[in-house]
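To keep things clear, I will list the structure first and then write my remarks on it.
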Amino acid sequence: MLNYKQLHHFWTAARAGGIVRGAERSGLAPQTLSGQIAALETELGVSLFKRQGRNLALTESGRMVLDYAEEIFRLGSELEDALRSRAAGRAVPFRVGIADVVPKAIAWLLLAPSMDLPEPMRIVCREGKFDALLGELAIHKLDVVLADSPLPGNMDVRGYSHALGESTIGLYATPALATSLQGDFPACLDRAPLLLPGAEASVRAPLLRWVEAARIRPRIVGEFDDSALMRAFAEAGAGIFPSASLVGEQLCKQAGMVHLGNADGVTETYYAISVERRLTHAAVRAISEAAMASRQLGKQNPS
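Position 63 of the sequence shown, counting from 1, maps to 401 under the working numbering, and the rest follow consecutively.
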């Protein structure tokens, strides 16, 4: 096994900028610290430092080992903090990555069950591109990623996709824009301004196929990777926009939008992606179990 004590000595010296400063920080004699790093180099079969004038510099292998060491000891520090927080009754961090194509209101609905756990939980949300969030999940910077699509099969990330639920897609507009439309839905969308989610959104392609099948030609006036930005443009009257029907009532009551109709056959499915096949994190388990209970209730009460 990798000797983590030796790795820590290397990490200390590399961050300090050399053996002498590393020895001062660690409280070891320079010869002792140098011997520990030499033993690690022998075990790894690579040189970690090289001479550069009178100083030492990291080799290419040394930089790679330092990157991994940074992550290893950061996780170790987080583990200590989590255990201390648990022992002291403080909130344990729950680190969630939210793909920017997932509507904020949907993210709240999915995450709400984690707020009701008996153990205090502090949600730390990170929003960003799906691929970047998966990279952070792979190195355990995140506990789970919420997305509108499962883990892609071509990605070099080991993870598991847990379906949380799905929603039909409705089309919404401001009252002024809705009043200006001619005819019944969906014919009223013909030549009307339409806002679309960006290319990464899983609902984009099915929505465009629905538009084509309905034989309507709306004017696409904007495309947005960020669902919140698309909603802001829609609320300003820039165009009609698609949104999950799950939050349709909220859109109409709080934002004053008008529901024009649903895109028949177009749905959006939401996933929790984790590095575990069998969920063990209490908050992730609560989200998954709540979603499963909701689906079962829907089967019993199809109305």
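Think of the CB as a built atom: it goes at the ideal place given N, C-alpha and C, for glycine as much as any other residue. Please read all numbers here as calculations on a predicted model, not as lab measurements.
Query raised in the report: Between 435, 453, 463 and 516, which lies nearest to residue 486 when the distance is taken from Cα to Cα?
Result: 435
Query raised in the report: From this set, 540, 405, 452 and 585, which residue's C-alpha is nearest residue 607's C-alpha?
Result: 540
Requested in this report: Under 7 Å Cβ to Cβ from residue 451, same chain only, skipping five residues before and after it: list those, please.
Outcome: 624, 625 and 628
Query raised in the report: With a CB to CB cut of under 8 Å and the five nearest residues on each side skipped, what residues in its chain are close to residue 562?
Result: 533, 534, 535, 536, 568 and 571
Query - Extent of the continuous beta strand (DSSP E) run through residue 580 - result: 579–582
**Report entry** Start and end residues, beta strand (DSSP E) containing residue 431
**Finding:** 430–437
Query - Span of the alpha helix (DSSP H) around residue 542 - result: 542–551
Query raised in the report: Taking the beta strand (DSSP E) that residue 561 falls in, what are its first and last residues?
Result: 557–562
Report task. Can you give me the Cβ contacts of residue 378 inside the same chain, cut-off strictly under 8 Å, excluding the 5 residues immediately before and after it? Result -> 341, 344, 345, 347, 348 and 386
Query raised in the report: If you draw a straight line from the alpha carbon of residue 403 to that of residue 511, how long is it in whole angstroms?
Result: 54 Å
Report task. Find the nearest neighbour of residue 550 within the set 531, 524, 564 and 574, judged by alpha-carbon distance. Result -> 524
Query - Cα-Cα separation between residue 419 and residue 580, rounded to whole angstroms - result: 42 Å
Query - Neighbourhood of residue 368 by C-beta, 7 Å cutoff - its chain only, sequence neighbours within 5 removed - result: 357, 358 and 361
Query - Extent of the continuous beta strand (DSSP E) to which residue 504 belongs - result: 498–511
Query raised in the report: Just reading off the beta strand (DSSP E) that residue 461 is part of, what are its end residues?
Result: 459–466
Query raised in the report: Which class does residue 319 belong to by DSSP, given the choice of helix, strand or coil?
Result: Because the chain in this structure spans residues 339 to 641, residue 319 falls outside the shown range and cannot be described.
Report task. Check residue 610 in the structure and name its three-state DSSP category. Result -> strand
Query - Residue nearest to residue 460 in terms of C-alpha spacing, selected from 478, 433, 442 and 437 - result: 433
Query - Inter-residue CB distance, residue 601 and residue 489 (contact presumed, cutoff 8 Å) - result: So it is not a contact: roughly 26 Å between Cβ atoms.
Query raised in the report: Where does residue 478 fall in DSSP's three states?
Result: coil
Query raised in the report: Where do the N-terminal and C-terminal ends of the beta strand (DSSP E) with residue 589 fall, by residue?
Result: Run containing residue 589: none in the beta strand (DSSP E); it sits in the alpha helix (DSSP H), 586–592.
Query - residue 390 - containing beta strand (DSSP E), residue span - result: 387–390
Query raised in the report: How about residue 473 and residue 438: are their beta carbons less than 9 Å apart?
Result: no
Report task. Ignore the nearest five residues each way along the sequence and tell me which others in residue 516's own chain have a CB closer than 8 Å to its CB. Result -> 596 and 598
Requested in this report: Classify residue 495 as helix, strand or coil using the three-state DSSP reduction.
Outcome: coil
Report task. Go through its chain and collect everything with a Cβ distance to residue 590's Cβ below 8 Å, but skip five positions before and after it. Result -> 510, 596 and 597
Query raised in the report: Going by beta carbon distance, what residues of the same chain come within less than 6 Å of residue 431, once the five residues before and after it are set aside?
Result: 460 and 462
Query raised in the report: DSSP on residue 309, reduced to helix/strand/coil?
Result: Because the chain in this structure spans residues 339 to 641, residue 309 falls outside the shown range and cannot be described.
Query raised in the report: How long is the line joining the alpha carbons of residue 609 and residue 502, rounded to whole angstroms?
Result: 5 Å
**Report entry** C-alpha distance - residue 656 paired with residue 604, whole-angstrom precision
**Finding:** The shown model of the chain, from 339 to 641, leaves out residue 656, and the question about it has no answer.
Query raised in the report: Based on the DSSP secondary-structure assignment, which residues constitute the bridge partners of residue 531?
Result: 557
Requested in this report: Go ahead and label residue 372 buried or exposed: buried means 16 or more other beta carbons lie within 10 angstroms of its beta carbon, across all protein chains shown.
Outcome: buried
Query raised in the report: Taking Cβ positions, are residue 612 and residue 483 nearer each other than 9 Å?
Result: yes
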